[in-house]
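In my numbering, the protein residues as written are 7 to 300. Worksheet: the structure to be examined is printed underneath.
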Ligand code: ADP
């Protein structure tokens, strides 16, 4: 869809055109502004995890870049409000957010002409600043990211979420009617896997399709002898996938380069084009686009 706002759209059945019963004028205009922006984004995907530290942000960034490498126009929202790590991971800590072309709008940060990014991290005084916010303020911020950021036309908008099933994923599902699905990241260990079940249950409660599970830190290949050591266990995602009937989209091995690239603000899949990790990301995004672009 290429219209700039609802006025050029001929879909008269669209809910953005009709005020809901009991809806205030203000809420109607806000919802319309949001739907107008979201309508220009073809697919919206959340990256969730049951536990912290399993590599969710790493997966979200590398997935977003891998989609862009295939030619897709991609946006990435760092919705981890208490622990935004995307600015650091992409060496964008000094990036300045600028006002947009419309009143009260802002421009997303451009990452190497590859990704459009928004994160609360761009608004904090320093990397040490902490936000002590309850649910309603977090909801308000996410709403602003959806309504006020000039995303333009995108093929994918990826949401990197904090671990668990709290305010942030719930707010996004409430604010976007047509969320396309969720990707769940886990390590193979039992304690992470049991939390993934909760994420799947959460998605099912909200009628959000689970596109699949990504098993991260899935074995370490010794660079000297090639022997694989399963540091966090083996086949955890496979077992759970059978139990819960969700596909495994891919398995990302442990690679020390992911840590050093992340810490130095480089993206692994760009720096290391032909290696097992990058190939796996490429297969993962192929599977996701196959399902969503049908
Ligand atoms: P989360 O978003 O789930 O908290 P991060 O993406 O921040 O997790 O990753 C946590 C740490 O693990 C980071 O230091 C990251 O570089 C590292 N990491 C993630 N995936 C891998 C991997 N496959 N191999 C090696 N290190 C990884």
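Each residue gets a CB set at the ideal place from its N, CA and C atoms; glycine is no exception.
What are the boundary residues of the beta strand (DSSP E) that residue 188 is part of?
Element bounds for residue 188: 187–192.
Does DSSP classify residue 24 as helix, strand or coil?
If DSSP states are grouped into helix, strand and coil, residue 24 belongs with coil.
Listed by chain order, which residues have C-beta atoms less than 6 Å from any heavy atom of ligand 1?
Going along the chain, the residues that qualify are 55, 58, 59, 60, 61, 62, 63, 64, 91, 222, 223, 258, 260, 261, 264, 265, 268.
Say whether the segment 50–69 touches the segment 138–154, bearing in mind that this needs 3 or more beta-carbon pairs closer than 8 Å, one atom from each stretch.
Short answer: they don't touch.
Could you pull the DSSP bridge partners for residue 165 from this structure?
The partner list for residue 165 (beta bridge, DSSP) reads 52, 83.
What's the call for residue 299, buried or exposed, on a 16-neighbour Cβ count within 10 Å?
Result: exposed.
Are three or more beta carbon pairs between the segment 213–229 and the segment 246–266 nearer than 8 Å?
Counting Cβ pairs under 8 Å, three or more are found: they touch.
Spell out a yes or no on whether the segment 19–27 and the segment 128–142 are touching, meaning 3 or more CB-CB pairs, one atom from each, closer than 8 Å.
Segments in contact, no.
Could you tell me whether the segment 117–132 touches the segment 78–95, where touching means 3 or more Cβ pairs closer than 8 Å?
Segments in contact, yes.
For residue 215, which residues in the same chain have their Cβ closer than 6 Å to its Cβ, ignoring the five residues on either side in sequence?
Answer for residue 215: 187, listed in chain order.
Select from 110, 52, 233, 196 the residue whose C-alpha is nearest the C-alpha of residue 241.
Nearest C-alpha to residue 241: 196.
Look at the alpha carbon of residue 116 and the alpha carbon of residue 101, and state the distance between them as a whole number of angstroms.
The straight-line gap from Cα to Cα measures roughly 9 Å.
Pull up the distance between the alpha-carbon of residue 60 and that of residue 30, whole angstroms please.
Roughly 42 Å between the two C-alpha positions.
If you run the structure through DSSP and keep just helix, strand and coil, what is residue 116?
In the structure shown, residue 116 sits in a strand (DSSP, three-state: E or B).
Could you have a look at residue 125 and say whether DSSP puts it in helix, strand or coil?
DSSP places residue 125 in strand when its eight states are reduced to three.
Based on the DSSP output, what are the partners of residue 105 in its beta bridges?
Residue 105 pairs with 112.
Are the C-beta of residue 245 and some C-beta of chain D separated by less than 8 Å?
Within the model displayed, chain D is absent; a lone protein chain is all it includes.
Any contact of the segment 172–186 with the segment 79–88, i.e. 3+ C-beta pairs under 8 Å?
With the cut-off at 8 Å, the segment 172–186 and the segment 79–88 touch.
Whole-angstrom Cβ separation of residue 57 and residue 169, contact assumed at under 8 Å?
Contact holds; Cβ gap of about 5 Å.
Considering only the alpha carbon of each residue, which of 270, 263, 289 lies closest to residue 278?
Residue 278 has its Cα closest to that of 263, out of 270, 263, 289.
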